[in-house]
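Report on one structure; see the data block that follows.
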Amino acid sequence: MTQRKMHRRRFLQLSGATTAAVVLAACGGPEPEVMTEEPAAAPAAKEEEPKQAVMEEAEAPSQYSESPRLAEMVANGDLPPVTERLPVSPLVLPRESIGEYGGLVRQIHLDPSSFVSQYGWFAERMLTYSDQDLKTIKPNMFASWEVSDDATHYTFH
Numbered sequence: 000m001t002q003r004k005m006h007r008r009r010f011l012q013l014s015g016a017t018t019a020a021v022v023l024a025a026c027g028g029p030e031p032e033v034m035t036e037e038p039a040a041a042p043a044a045k046e047e048e049p050k051q052a053v054m055e056e057a058e059a060p061s062q063y064s065e066s067p068r069l070a071e072m073v074a075n076g077d078l079p080p081v082t083e084r085l086p087v088s089p090l091v092l093p094r095e096s097i098g099e100y101g102g103l104v105r106q107i108h109l110d111p112s113s114f115v116s117q118y119g120w121f122a123e124r125m126l127t128y129s130d131q132d133l134k135t136i137k138p139n140m141f142a143s144w145e146v147s148d149d150a151t152h153y154t155f156h
């Protein structure tokens, strides 16, 4: 029995051809499915005009409800009732639905200077921009403000 010696060129040719075949097989897509029945035509979607958000002034509710997590502290006397904790004219933000109290926020930040972005999630701005034009500054946490004649002193109410 004689053994043939494989030369380096032949080995490289076979290795290259095998690699090319594997790459081509991997790049090939699945075989297309053959449709036996024609699908029913889908009804044409009606184009709707974009809805404009209308901001209405929300009225403060006549009675406030206590957070379930704070109810025990109020009952023990560790915390005053909700009516004593709120300001005279509280900021009422209209929402589509009532959320859930509590929960867990999981987040990951790879940049140590990302505290600024975290602050925006959990803090409310003192002033904000109008939803209609995004240019007009309007009160948010403050009901009003005054600016001195030389614009060096600002008083927020």
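Mapping of the sequence shown onto numbering that gives the first Met the number 0: residues 0 to 156, in sequence order.
Virtual Cβ for every residue (Gly too), placed ideally from N, Cα, C.
It should be emphasised that the depicted structure is a prediction, and the values quoted were computed from it without experimental measurement.
When rounded, the separation of the alpha-carbon atoms in Ser88 and Pro138 is 13 Å. For Phe155, the uninterrupted beta strand (DSSP E) segment begins and ends at Tyr153 to Phe155. Secondary structure in the stretch 131-155: the beta strand (DSSP E) runs of 3 residues or longer, each lying completely within the stretch, are 136-138, 144-146 and 153-155 in chain order.
Phe10 and Glu30 have their alpha carbons spaced roughly 33 Å apart. DSSP places Thr17 outside any beta strand (DSSP E); the residue lies instead in the alpha helix (DSSP H), whose first and last residues are Arg7 to Cys26. Counting along the chain, Thr1 sits inside no alpha helix (DSSP H), nor does DSSP assign it H or E at all. Closest by C-alpha distance to Phe155, out of Gln62, Arg105, Leu126 and Ala70, is Leu126.
According to the DSSP assignment, Leu69 belongs to the alpha helix (DSSP H) that extends over Pro67 to Asn75.
Following the DSSP letters along the chain, one finds Tyr128 inside the beta strand (DSSP E) bounded by residues Leu126 to Tyr128.
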